[in-house]
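2 protein chains.
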Amino acid sequence: MDAHKKQTGESEAPAVCKACEARHGGICAALSASQLVELNKHSTRRKVEAGNEVIGQGESVGSYSNILNGVVKLSKMMADGRQQIVGLQFAPDFLGRPFLSESSVTAEAATETEICCFPRPIVERMVGEARELERKLHSQSLKELDEARDWMLTLGRKTAQEKVASFLYLIATHIDPEKSGGNSTTFDLPLSRADIADFLGLTIETVSRQMTKLRKENIIVIENNRHVIVPDKRRLRYAAGND
Amino acid sequence: MDAHKKQTGESEAPAVCKACEARHGGICAALSASQLVELNKHSTRRKVEAGNEVIGQGESVGSYSNILNGVVKLSKMMADGRQQIVGLQFAPDFLGRPFLSESSVTAEAATETEICCFPRPIVERMVGEARELERKLHSQSLKELDEARDWMLTLGRKTAQEKVASFLYLIATHIDPEKSGGNSTTFDLPLSRADIADFLGLTIETVSRQMTKLRKENIIVIENNRHVIVPDKRRLRYAAGND
DNA sequence: CGAAGGGTTGAAGTCAGTCAAATAATGTGG
DNA sequence: CCACATTATTTGACTGACTTCAACCCTTCG
Chain R
2 MDAHKKQTGE
12 SEAPAVCKAC
22 EARHGGICAA
32 LSASQLVELN
42 KHSTRRKVEA
52 GNEVIGQGES
62 VGSYSNILNG
72 VVKLSKMMAD
82 GRQQIVGLQF
92 APDFLGRPFL
102 SESSVTAEAA
112 TETEICCFPR
122 PIVERMVGEA
132 RELERKLHSQ
142 SLKELDEARD
152 WMLTLGRKTA
162 QEKVASFLYL
172 IATHIDPEKS
182 GGNSTTFDLP
192 LSRADIADFL
202 GLTIETVSRQ
212 MTKLRKENII
222 VIENNRHVIV
232 PDKRRLRYAA
242 GND
Chain Z
2 MDAHKKQTGE
12 SEAPAVCKAC
22 EARHGGICAA
32 LSASQLVELN
42 KHSTRRKVEA
52 GNEVIGQGES
62 VGSYSNILNG
72 VVKLSKMMAD
82 GRQQIVGLQF
92 APDFLGRPFL
102 SESSVTAEAA
112 TETEICCFPR
122 PIVERMVGEA
132 RELERKLHSQ
142 SLKELDEARD
152 WMLTLGRKTA
162 QEKVASFLYL
172 IATHIDPEKS
182 GGNSTTFDLP
192 LSRADIADFL
202 GLTIETVSRQ
212 MTKLRKENII
222 VIENNRHVIV
232 PDKRRLRYAA
242 GND
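Each protein sequence line maps, in turn, to chains R and Z. Take 2 as the starting number for the first sequence in this note's numbering and just add one per residue. Take 2 as the starting number for the second sequence in this note's numbering and just add one per residue.
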């Protein structure tokens with residue numbers, strides 16, 4: 002059957018892609034099978050350990066990539082070292098901006114992360130050819146913009162308590178491996194207290210205090226510092242000030 | 002000459018557009034002369050007084066528009082009334098998101114503003130036809146995303162003093178009617194103290210106090226509460242923590 | 001003139017930051 | 001597997017930046 006398709010000029014999606022975590026929903030979903038084959042020829046899977054940079058702020062970008070699993074944090078730093086995480090990216094998000102060689106943020110793996118890397122020229126050619134791909138990139142940008150603006154409200158107007166609850170709620174609704182059947186969830190925090198603090202515009206100590214406060218109010222249960230159980234997502238959402 | 006062009010099927014840009022403030026740099030720059038004529042047939046100029054809504058949060062959008070002059074603020078509000086301005090838009094920015102009927106923010110004129118309105122269906126058809134237009138919209142989204150993330154750093158990590166300086170610097174570099182020859186500038190604040198507070202995640206009082214502090218440090222001169230003189234933009238930039 | 005809205009200023013209170021120390025988790029070499 | 005070093009997190013006491021509450025000023029407008 003594969004042979005037949007090849008004879009007629011049609012191509013099947015590469016086997017790696019078929020099994021790919023990011024095949025659907027990601028940028029690749031906007032490509033035809035033959036484009037996928039083309040892209041796949043030059044793409045390489047890469048494991049990035051927690052804490053390693055994917056793209057440096059103001060660095061020239063050599064390649065683009067899709068997140069296959071794990072969490073990538075986007076951050077900005079001031080001259081004096083103050084830092085702010087400006088976004089979190091999950092599978093199957095696309096990293097990088099075709100045609101813009103400079104990145105305005107630093108992208109760093111928050112957890113152990115797997116990415117699928119594409120060389121710059123290939124991606125840029127494909128963006129030119131496949132309109133669907135451009136649309137997909139545009140819509141991801143819009144999604145990121147909405148998230149950024151939501152977070153501005155959190156940073157500017159919420160209390161420390163609400164900020165921490167907002168963060169936990171964000172993770173609960175993004176990591177969520179469908180195990181969330183009903184109103185309860187469970188997950189491992191992808192970020193250290195220091196990262197959470199940088200995301201929320203707080204200090205480590207305040208994050209810690211608010212976590213224990215949420216724990217004492219039975220809104221969350223914490224095991225091993227990283228594992229969190231949310232018995233009732235609505236309560237968490239409420240604590241986050243989301244209604 | 003116009004007649005000749007019409008005979009050959011070519012068309013000239015409409016007169017209104019030729020004189021338009023947003024003709025260059027704006028979305029219209031991505032359109033051919035004939036598309037411009039087409040769009041112009043259905044577009045209407047509208048004046049919006051300061052304080053009036055252009056698009057409501059969660060409201061269905063009846064039309065899109067270009068800002069011709071003035072400043073539009075994008076804001077979000079929490080259930081209990083706390084508010085955060087998540088973006089400022091200047092001419093020749095485009096307002097609205099083709100194909101998305103719901104807006105996640107409220108757009109309100111901060112100053113008296115003139116906009117050029119286009120009916121939804123026309124814009125959406127054109128986006129489908131003109132790839133250049135789609136690109137332009139995408140690149141405006143990316144610009145807004147960068148601005149949003151810059152502001153996240155301001156909201157999360159800067160002091161009240163730096164926030165106010167950042168705001169003034171932002172305005173100085175955006176209003177800037179080329180009169181800024183060298184290092185000094187002058188402008189009228191497009192936002193009230195209340196709006197500035199909502200933009201910076203502060204209270205009116207804190208904004209006021211920081212303004213007088215900057216005044217006493219001779220970084221700015223204030224006349225009539227709204228008119229600001231910046232003798233040295235570099236000093237303001239420094240006060241904003243931008244290096 | 002008096003009312004109303006926007007802006008400034010002052011005094012007191014509070015939330016989150018800072019500094020410091022204790023405790024828990026993680027890793028390393030023996 | 002243990003003793004130790006190292007790092008991450010929690011907890012406490014104190015400080016300080018920003019908020020809150022309140023009064024006041026100034027301009028505008030009926």
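Every residue gets a Cβ at the ideal spot worked out from N, C-alpha and C, and that includes glycine.
Note down, in chain order, every chain Z residue with its Cβ under 7 Å from the Cβ of residue i.
{"i": "R:E109", "result": "Simply none; closest approach about 15 Å."}
{"i": "R:K77", "result": "R150, L154"}
Which residues in the same chain as residue i place their Cβ atom closer than 6 Å to its Cβ, once the five residues preceding and following it in sequence are excluded?
{"i": "R:Q211", "result": "A161, Q162, V165"}
{"i": "R:S167", "result": "T155, A241"}
{"i": "Z:Q8", "result": "With a pLDDT of 48 at Z:Q8, under the threshold of 50, the modelled position of this residue cannot be trusted; read the value that follows with caution. Excluding sequence neighbours, Z:Q8 sits near nothing in its chain."}
{"i": "R:C21", "result": "none"}
{"i": "Z:G10", "result": "Note on Z:G10: pLDDT 45, under 50, position unreliable in the model; no value is reported."}
{"i": "Z:R227", "result": "D189, L190"}
{"i": "Z:K74", "result": "I86, L89, E109, A111"}
{"i": "R:R46", "result": "C117"}
Where DSSP assigns a beta bridge to residue i, which residues make up the other side?
{"i": "Z:Q141", "result": "None; Z:Q141 has no bridge partner."}
{"i": "R:L89", "result": "R:K74"}
{"i": "Z:Y65", "result": "Z:F119"}
{"i": "Z:I230", "result": "Z:T187, Z:V222"}
{"i": "Z:F95", "result": "Z:N67"}
{"i": "R:K48", "result": "R:E115"}
{"i": "R:Q84", "result": "R:M78"}
{"i": "R:L107", "result": "Inspection of the sequence shows that residue 107 of chain R is occupied by Thr rather than by Leu. The partner list for R:T107 (beta bridge, DSSP) reads R:S76."}
Please list the partners that residue i has in chain Z, where partner means a Cβ-to-Cβ separation under 8 Å.
{"i": "R:S142", "result": "H139, S142, L143, L146"}
{"i": "R:R249", "result": "There is simply no residue 249 of chain R to check, as chain R begins at 2 and stops at 244 in what is shown."}
{"i": "R:E97", "result": "Just to set this straight, residue 97 of chain R is Gly in the shown sequence, not Glu. Ordered by position in chain Z, no residue passes the 8 Å Cβ test against R:G97, which lies about 12 Å from the chain."}
{"i": "R:V106", "result": "R150"}
{"i": "R:G88", "result": "R150"}
Going along the chain, which residues of its own chain have a beta-carbon closer than 7 Å to the beta-carbon of residue i, five neighbours each way excluded?
{"i": "Z:E255", "result": "Residue 255 of chain Z lies beyond the stretch modelled for chain Z, which goes from 2 to 244, so this question has no answer here."}
{"i": "Z:L143", "result": "none"}
{"i": "R:E50", "result": "A110, E113"}
{"i": "R:L37", "result": "A14, P15, C18, C29"}
Is it right to say residue i is buried, meaning 16 or more other beta carbons lie within 10 angstroms of its own, or is it exposed?
{"i": "R:D94", "result": "buried"}
{"i": "Z:D244", "result": "exposed"}
{"i": "Z:T213", "result": "exposed"}
{"i": "R:I44", "result": "For the sequence presented, residue 44 of chain R should be read as Ser rather than Ile. By the 10 Å Cβ count, R:S44 comes out buried."}
{"i": "R:A195", "result": "exposed"}
{"i": "R:V106", "result": "buried"}
{"i": "Z:G202", "result": "buried"}
{"i": "Z:K234", "result": "buried"}
{"i": "R:D104", "result": "Correcting the residue identity first, residue 104 of chain R is Ser in this sequence and not Asp. Result: buried."}
{"i": "Z:M2", "result": "Below a pLDDT of 50, predicted positions are generally treated as unreliable, and Z:M2, at 45, falls in that range; no measurement from the model is reported."}
{"i": "Z:K159", "result": "buried"}
{"i": "Z:P191", "result": "buried"}
{"i": "Z:G183", "result": "exposed"}
{"i": "R:S35", "result": "exposed"}
{"i": "R:K19", "result": "exposed"}
{"i": "Z:E224", "result": "exposed"}
{"i": "R:G27", "result": "buried"}
Along chain Z, which residues have their Cβ under 9 Å away from the Cβ of residue i?
{"i": "R:E135", "result": "R132, E135, R136, H139"}
{"i": "R:D244", "result": "M79, A80"}
Just confirm the distance between the C-beta atoms of residue i and residue j, as a whole number of angstroms; I'd bet it's less than 8 Å.
{"i": "R:K48", "j": "R:E113", "result": "7 Å"}
{"i": "Z:V17", "j": "Z:N53", "result": "The Cβ separation is near 23 Å, so there is no contact."}
{"i": "R:V229", "j": "R:F200", "result": "Not confirmed; about 15 Å, so no contact."}
{"i": "Z:I116", "j": "Z:S66", "result": "4 Å"}
{"i": "R:A111", "j": "R:V72", "result": "4 Å"}
{"i": "Z:V208", "j": "Z:R216", "result": "At roughly 13 Å, the Cβ-Cβ gap does not stay under 8 Å, so Z:V208 and Z:R216 are not in contact."}
{"i": "Z:F91", "j": "Z:H175", "result": "5 Å"}
{"i": "R:V231", "j": "R:T186", "result": "5 Å"}
{"i": "R:R236", "j": "R:Y170", "result": "About 10 Å; that fails the 8 Å criterion."}
{"i": "Z:I56", "j": "Z:G97", "result": "7 Å"}
{"i": "R:A31", "j": "R:A131", "result": "7 Å"}
{"i": "R:A80", "j": "Z:R150", "result": "The pair is not a contact, with the Cβ atoms about 17 Å apart (cut-off 8 Å)."}
{"i": "Z:Q85", "j": "R:G63", "result": "Contact doesn't hold; Cβ gap of about 37 Å is too wide."}
{"i": "R:M153", "j": "Z:M153", "result": "6 Å"}
For residue i, which residues from the same chain have a beta carbon less than 8 Å from its beta carbon, with the 5 sequence-adjacent residues on both sides left out?
{"i": "R:A4", "result": "With a pLDDT of 47 at R:A4, under the threshold of 50, the predicted position of this residue should be treated as unreliable, though the coordinate-derived value follows. Closer than 8 Å at the Cβ level, and outside the excluded window around R:A4, lies no residue."}
{"i": "Z:V128", "result": "P99, F100, L134, E135, L138"}
Name, please, each residue of chain R whose Cβ falls closer than 7 Å to the Cβ of residue i.
{"i": "Z:G27", "result": "In chain order: nothing, as chain R lies at least about 18 Å away."}
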